[in-house]
Structure formats: structure tokens, C-alpha cells
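Below is one structure, written out as C-alpha cells; comments come after it.
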Amino acid sequence: MPTTLNTDHFWMPFTANRQFKSKPRLLVAASGMHYTTDDGRQILDGTAGLWCTNAGHCHPKIVEAIQQQAAKMDFAPVFQMGHPLAFEAASALAAIAPEGLNRVFFCNDGSESVDTALKIALAYHRVRGDGLRTRLIGRERGYHGVGFGGIAVGGIAGNRKHFGPTLAGVDHLRHPLDIARNAFSHGLPEHGAEIADEFEQRLLALHDPATVAALIVEPVQGSTGVILPPKGYLQKLRAVCDKYGILLIFDEVITGFGRLGAPFAADYFGVMPDMICCAKGLTNASVPMGAVIVRQDIHDAFMSAAGENAIEFFHGYTYTGHPLAAAAAIATMAVYKSENLFDRAAATAPYFEQAAHSLKGLPFVKDVRNLGLVCGIELEPVAGKPGARAFDAFLKCFWEKGVLIRTTGDIIALSPPLIIEPGQIDQLFTAIGDVLKEQHAASSTVA
Ligand code: PMP
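Read in the working numbering, the sequence shown has 58 at position 63, and its numbers run on one by one without any break.
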């Protein structure tokens, strides 16, 4: 029986709350690759929840670790004291992080990890006596969560415009999406690395590079439509950061934990940032947790600073390294390792890529772009109704085909759990293809 809902109280995030009441989509259980709806239907999860349940839902080992910890110690303060699991979780994360990124600052989600990384960057320059470096640079269409730091460096007007001027001294580079030249690329786009040259040009033309603290980018821009870095693009950003002493922060909230078939996108691209923001797959989304993984010498600069620069990093959360989250993170890292899930994602990626590109030539499909187990399908927009076609596809996939996809504007984004099987990949893309054909048939009939 469908659940009867009182919708009078819960204020839903990023949701058209006014429209939601008519026919709620409700998920009540999850296991492996599937959700169960309140009316008992099984939905194949093509999005790992929100790019986060990389090991599949309700993994028994993670569930067990949380249950045991909940019964043993619910909470412990971590200011001026600690509990062993926080240290253990940091070690487990450092063990899979790129070489040299060894220090872990825990928080509760991706937004906090971004704001934490920005603050570490600003304070790091100060402890080294370089306090003029206060500018931060992000990119258009960058999504870095919803904290004030994140919306400032993020490049989405809609997330910012109702909240005033946010942070001062922030600039944005262009994003590298170029459908005209790169449509239907398999893997990384060939064209567009030169877009990164704008970074140095802007630094010199508009800013004094010695005033810039950090550049933050998602190696693959996820939420705004799966925007892949053209070949050589990230390397160029790294080189400019090195040239001018600017920290490079990778926001790997989506790309972390195997999404591209490597532990982090930094590993996949062979481009090392100075800090990595992560969350989501850190606990397989079982308990909220985020983290910033920091280059050892950035941390050490705080330890060795002297005189008036000798400051501690005054930042933290009541729930930093929360015992349940720490237990979940330790168990999750163990599952990734014992089930070899990052390699498994790499092995599945070619099949996923083929299936994604089978949509080429279907009605409305303007571009397909993919890497690892992430894919964006950009649709021709309906005139005057941005996002309408993709959202209609989402509804039809959910209600009629039993698959969960995600849409952002006119783009369908897919990011299944890393355990997805070939047959499930077929189910996912067949459902999307069928919906597009049905939409086309319906629009032809109307015309
Ligand atoms: N950064 C990126 C790249 C993200 O995709 C997200 C969330 N999708 C965030 C930050 C924010 O994470 P959270 O919603 O956990 O705060």
C-alpha cells in the first residue's frame, strides 16, 4: 500500500516543493543495485543514490560496523581529545589517497569539505607569512556544495543569486564543455585543453597572481552535466598553479572512491592536487561524512610556524570524526579493497561506454559523454522549456521503466554503483532509449 504522507512539515532540499504534493516519489528500502518504492516496486539505481553508494546499497559489512559502533559508543568529543576510530578512519583514507596527501580533516559532507579546504588554503598562506593570498578561483558550472564558500567558488548563478554577495575576491574560469567540437567523444575530449590557458591570462590581466590562494575544480564536473576535462587541460591548470604558488584543490566529492576506475580522479589523470575534498563514497553514503585530504607539508606548515604566524587551524565540527561515520568509513574502505571495486569499475567501464554511445542517433540526443562509470546524455531542449524533456524522461524512467536516472537541465546524468552488472547496464540504457523514442512518437503525433 502506498504510504499516506503528511507533507506539511518537511521542507525539501533542491525541490519544487509546491509541486511535490501531487504524486510523491517515495523510496522505502534499498539493497545492492535496487531501491524499493512505497508501493513495492523495484527500481534499478542508475545514480548510486546521489553519486554516493558506490559499493551498492546497505552493504552488510558496513551496516554491521555501524550497528556495532552505535551500541558501543554513540559520540565522543574530539576537541582537545579524541577516540581511536577517528584516527583509524583517517589512516584508512590516507592509505588509498595519492602519495603525499596524508593528513585528513573530517567534516560531515561535501559542502563542509569544500569550505574546510578553502579555509585551510587561506590559513596556510598566512602561517607561511604570505597573507596577501586571499583570492579564490573556481569555474563556471562548478558545483562545490551549498556553504557560503562553496556557492562563492561555485559557478551556478541559481545557487547564489538569492543570497547576496557571498565571498569577496572570487573569480571564475570558463568551463571546458565544447559540444560543437567534442560531441560523442568516447572518454576524454580531444579538443579544448587551451581553455586552461585563460587561467594564466586572467591571473596576469586581472589579478596579481601573488594574491591568489587557491584554484578549486571538480576534475569531472558532475552535477552540472558531466563536463569532462579535455586531454591535457588539468595538467595545464596544475602547471600554472605551480608557477605562481597557488594551491590546487580537487573537489572529488563525486569522482572519489572509484567512480573513474581509480581511487581518485587525481590518480586517474595523473595530476596531483594539493588537497582533495571528498564525501559521499567515503562511507558509501551510509552515515554523513566528508573529509579534506591534505598534502603533508601543508599540514606541517601549521606545525612549524613560528612567531606571530604560529596559529592553530581554528576550525572543526561537533561531529568531526563522529564514531558512527568513522566506523562506516573504515568498513567502507575495507569493502572497496576486499571486493576490488575500483578495478571492477575500470573493468566495467568499456561496456558502460558502449551502452551509453548506443544512444547516439536516437531522437533528441545531442551529446553523450562518459568516463569510468559516469555518463552524461545531453538532449535537445524543448523551445522555451529548459530541462523539460530530460525531466519528463526522468519521470517516465521512474514510473514506467523502473530505473532511477538523474537530470540536470537538459542533461541526463548516470553514475551507477560500481557493482553494476552488464545486464543492468543494458536495462538502464534500454529504458532511456525507449523513453526517448516514446517522447519522439508522442511529439510527432501532437505535431
Ligand atoms: N562538491 C561536489 C563536486 C558535489 O557534487 C557535491 C554534491 N553533489 C558537493 C560538493 C556537496 O556535497 P554535499 O551535498 O554532501 O554537501
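The beta carbon of each residue, even a glycine, is placed where N, CA and C say it ideally should be.
Could you please give the first and the last residue of the uninterrupted alpha helix (DSSP H) stretch that includes Tyr228?
Residues 228 to 239.
Just to confirm, are His352 and Val369 a CB contact at a threshold of 9 Å?
No, these two residues do not count as a Cβ contact at 9 Å.
Does the distance from the C-beta atom of Ala326 to that of His54 stay below 9 Å?
Their beta carbons are under 9 Å apart, which means Ala326 touches His54 by this criterion.
Would you identify the three-state DSSP class for Asp173, choosing helix, strand or coil?
Coil.
Looking at the structure shown, is Lys355 part of a helix, part of a strand, or coil, going by DSSP?
Note: Lys355 maps to coil in three-state DSSP.
Relative to the C-alpha of Ala274, which residue among Glu373, Pro283, Pro268 is closest?
Residue Pro283 is the option with its Cα nearest to Ala274.
Count the other CB atoms, across all protein chains shown, that sit within 10 Å of the CB of Gly379; report buried if there are 16 or more and exposed otherwise.
Flag for Gly379 reads exposed.
For Lys114, I'd like the list of residues in its chain whose CB is within less than 8 Å of its CB, leaving aside the five on either flank, ordered along the chain.
The answer, listed in chain order, is Gly144, Phe308, His310.
Quick check: the segment 330 to 343 against the segment 412 to 419, are there 3 or more CB pairs under 8 Å?
Judged by Cβ distances under 8 Å, the segment 330 to 343 makes contact with the segment 412 to 419, as three or more pairs qualify.
For the beta strand (DSSP E) holding Asp166, just list the boundary residues, first then last.
Note, Asp166: beta strand (DSSP E), 165 to 168.
Residues bridged to Val287 by DSSP?
For Val287, which the question treats as bridged, DSSP gives the partners Phe100, Cys272.
Does the ligand FAD have a heavy atom nearer than 8 Å to the CB of Trp6?
Because the ligand FAD does not appear in the structure shown, any question about it cannot be addressed here, the ligands present being the ligand PMP.
Grouping DSSP H, G and I as helix and E and B as strand, with all else coil, what is Glu193?
Reduced to three states, the DSSP call for Glu193 is helix.
Within a Cβ cutoff of 6 Å, which residues of the same chain sit near Ala178, ignoring the five residues on either side of it in sequence?
If we look at Ala178 and ignore the five residues flanking it on each side, its Cβ neighbours are Asp362.
For Ala383, write down the residues that DSSP places opposite it in a beta bridge.
Beta-bridge pairing links Ala383 to no other residue.
With a threshold of 7 Å on Cβ separation, who are the neighbours of Met(-4) within its own chain once the five nearest residues in sequence on each side are excluded?
Confidence at Met(-4) is low in this model, with a pLDDT of 46, below 50, so its placement is unreliable and the value that follows should be read with caution. Nothing listed; no residue qualifies.
Please name the residue in Pro184, Asn103, Lys67, Ala383 whose C-alpha comes closest to that of Thr402.
Among Pro184, Asn103, Lys67, Ala383, the Cα nearest to that of Thr402 is on Ala383.
The beta strand (DSSP E) that contains Asn335, what's its start and end?
Here Asn335 belongs to no beta strand (DSSP E), and DSSP marks it neither H nor E.
Taking C-beta to C-beta, are Ala188 and Lys226 nearer than 9 Å?
Yes; because the gap between Cβ atoms is below 9 Å, this pair is in contact.
Using the C-alpha atoms, what's the distance from Ala350 back to Ser86?
Answer to the nearest angstrom: the Cα atoms are 38 Å apart.
Just mark Ile174 as buried or exposed, buried being the case when its beta carbon has 16 or more other beta carbons within 10 Å.
By the neighbour-count rule (16 or more Cβ atoms within 10 Å), Ile174 is not buried but exposed.
Figure out for me which residue from Ala24, Ala11, Cys47, Arg20 has the closest Cα to the Cα of Phe252.
Checked all of Ala24, Ala11, Cys47, Arg20; the closest Cα to Phe252 is Cys47.
Which parts of the segment -4 to 65 are runs of the alpha helix (DSSP H), unbroken and 4 residues or longer, counting only runs that do not cross its ends?
Runs of the alpha helix (DSSP H) inside the segment -4 to 65: 12 to 15, 43 to 46.
In whole angstroms, give me the CA-to-CA distance for Gly142 and Thr32.
Using only the alpha carbons, I get a separation of about 31 Å.
Between the beta-carbon of Gly397 and the beta-carbon of Ala426, is there less than 9 Å?
The answer is yes: Cβ separation under 9 Å.
Tell me the residue span of the beta strand (DSSP E) that contains Gly371.
First-last of the beta strand (DSSP E) with Gly371: 369 to 374.
Could you give the C-beta distance for Phe393 and Arg20, rounded to a whole number, given that I count them as a contact under 8 Å?
About 6 Å separates the two Cβ atoms, so the contact holds.
Going by other Cβ atoms of all chains shown within 10 Å of its Cβ, with 16 needed for buried, is Lys391 buried or exposed?
Answer is buried; the Cβ neighbour count reaches 16.
Pull up the DSSP beta-bridge partners for Asn365, would you.
Answer by DSSP bridge pairing, in chain order: Cys370.
Does the segment 248 to 268 come into contact with the segment 86 to 95, if we say contact requires no fewer than three beta-carbon pairs (one atom in each stretch) closer than 8 Å?
With the cut-off at 8 Å, the segment 248 to 268 and the segment 86 to 95 touch.
With contact counted as at least three CB pairs below 8 Å, one residue from each stretch, are the segment 212 to 227 and the segment 124 to 141 in contact?
These segments touch.
Rank Gly51, Pro204, His78 by C-alpha distance to the C-alpha of Asp125 and give the top, closest one.
Among Gly51, Pro204, His78, the Cα nearest to that of Asp125 belongs to Pro204.
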